[in-house]
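By the working numbering, the letter at position 167 of the sequence shown is numbered 344, and the numbering carries on one by one without gaps.
Have a look at the structure below before the remarks.
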Amino acid sequence: MTIAELRNHPFLLLVLKDGENDGYFTAEFMRKTKQQLIDMSLRIASDNLSIIYADQIKKGCEIVLGMSNLGLLELCDNDTEQAKVILKTHGMVYCFRAGWAKYAQLKAISPSYFDSISILSYALAINDSSDIRLMHATLVDEGYQSAKLLQVYKTIAASYCASTILIDSDEEVLKFELQRFLNSAIALLLIDSEKKIFTHSLYQQLTTYLLSTEKERVLFKIERCIISFIEKLSVLTKGDLQAIALLDFTELKGIIYQQKNIAIYIQEILELPITVANELNGDFDGGYDFHADDEDDIAYLRPDAS
Numbered sequence: 178m179t180i181a182e183l184r185n186h187p188f189l190l191l192v193l194k195d196g197e198n199d200g201y202f203t204a205e206f207m208r209k210t211k212q213q214l215i216d217m218s219l220r221i222a223s224d225n226l227s228i229i230y231a232d233q234i235k236k237g238c239e240i241v242l243g244m245s246n247l248g249l250l251e252l253c254d255n256d257t258e259q260a261k262v263i264l265k266t267h268g269m270v271y272c273f274r275a276g277w278a279k280y281a282q283l284k285a286i287s288p289s290y291f292d293s294i295s296i297l298s299y300a301l302a303i304n305d306s307s308d309i310r311l312m313h314a315t316l317v318d319e320g321y322q323s324a325k326l327l328q329v330y331k332t333i334a335a336s337y338c339a340s341t342i343l344i345d346s347d348e349e350v351l352k353f354e355l356q357r358f359l360n361s362a363i364a365l366l367l368i369d370s371e372k373k374i375f376t377h378s379l380y381q382q383l384t385t386y387l388l389s390t391e392k393e394r395v396l397f398k399i400e401r402c403i404i405s406f407i408e409k410l411s412v413l414t415k416g417d418l419q420a421i422a423l424l425d426f427t428e429l430k431g432i433i434y435q436q437k438n439i440a441i442y443i444q445e446i447l448e449l450p451i452t453v454a455n456e457l458n459g460d461f462d463g464g465y466d467f468h469a470d471d472e473d474d475i476a477y478l479r480p481d482a483s
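See the structure below:
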């Protein structure tokens, strides 16, 4: 158990209080330190929040306290005596910069993940004894996972994306699209195609196979296709995909197993070029397709002559 947990205050404040009580920190040092905390808090509030509202200034103070606390803990490794020496020798700004450097570490790991993390995550109230180093370590781990997801997305999309690759900042969207790429890879293997992208004829071949073949045979072949596909993946790519459960193909297998509206549901989980999707939808719901109902569609879109 840390000293902060025992005494219900951030480590930094306890070190300052103890140092002041035992005479290690002079009154002038404490005055200067408090002024530095105030100045940094106003700067943080001005740059990231607002200095108009009192609650925003308070949050600025808590961010500075959190960052400085993190920096001091990293510098002294929870050693109170070493912490006093660091504060007296280098000052509060030094500790804040050390904490900020840890925060900026997230950007180096994964810029998109860094953008999703609010600086308020590092705020500490004066009675908050939570382990900010543990919190930061958790964010770092999540940052690495985000970076891995982005890399594996780019790797798979390079082969199976049916349109221009546009990388979304939402990780759930990336996982959804990545699963569609992978489903398409297995579906193409299912019809013994060496292609990476569906054409209209390949998609028709797939639906014909699924509708005319016993589900047990289809499910058996799917398992073989999955094994074959995974064997060709690099160790890193395989590990990253397994870590986020994208090699289970639960949805694909489920559609085959249920045997209900396969032709409708299967297109929803595959990566299909817009031209193929348009052909399947047959009207403006799927895009302009030059079929017989287009005149009606165009008439519907025209403004009334009246």
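Positions of the beta carbon are idealized from the N, C-alpha and C atoms, including for glycine.
Note that the structure is a prediction, hence the values are computed from the model and not measured.
- The DSSP-derived three-state label of A300 is coil.
- In terms of Cβ geometry, L449 and F353 do not form a close pair [threshold 7 Å].
- Beta-carbon to beta-carbon, S218 and I234 are separated by about 7 Å, close enough to satisfy the 8 Å threshold.
- Annotation for G248: the continuous alpha helix (DSSP H) segment containing it runs A231 to C253.
- Annotated three-state conformation of F291 is helix, per DSSP.
- Note on G431: under 16 other CB atoms within 10 angstroms of its CB, so exposed under the neighbour-count rule.
- The region 363 to 377 makes contact with the region 394 to 405; the number of CB pairs closer than 8 Å reaches 3 or more.
- In chain order, L283 and L316 place their CB closer than 7 Å to the CB of I294, counting only its own chain and leaving out the 5 sequence neighbours on each side.
- In the DSSP annotation of this structure, the continuous segment of the alpha helix (DSSP H) that includes Q356 starts and ends at E348 to L367.
- The beta carbon of Y380 sits closer than 6 Å to those of V453, all from its chain and outside the five residues before and after it, given in chain order.
- With contacts defined by Cβ atoms closer than 7 Å, V270 and Q212 do not form a contacting pair.
- Under the three-state reduction of DSSP output, A260 falls in the helix class.
- In this structure, the CA atom of D425 is about 12 Å from the CA atom of K415.
- With distances taken between CA atoms, I221 lies nearest to V241 out of V241, H267, Q322 and Y230.
- Cβ atoms of L226 and L189 stay farther apart than 8 Å, at about 21 Å.
- Within the region 389 to 468, the complete alpha helix (DSSP H) runs of at least 4 residues fall at 392 to 408, 412 to 420, 427 to 435, 439 to 442 and 451 to 458.
- Non-local C-beta neighbours of I446 in its own chain, meaning closer than 8 Å and more than five positions away in sequence, comprise Q356, R357, N360, E428, L429 and I432, ordered along the chain.
- At a Cβ-Cβ threshold of 7 Å, L327 and P187 do not count as neighbours.
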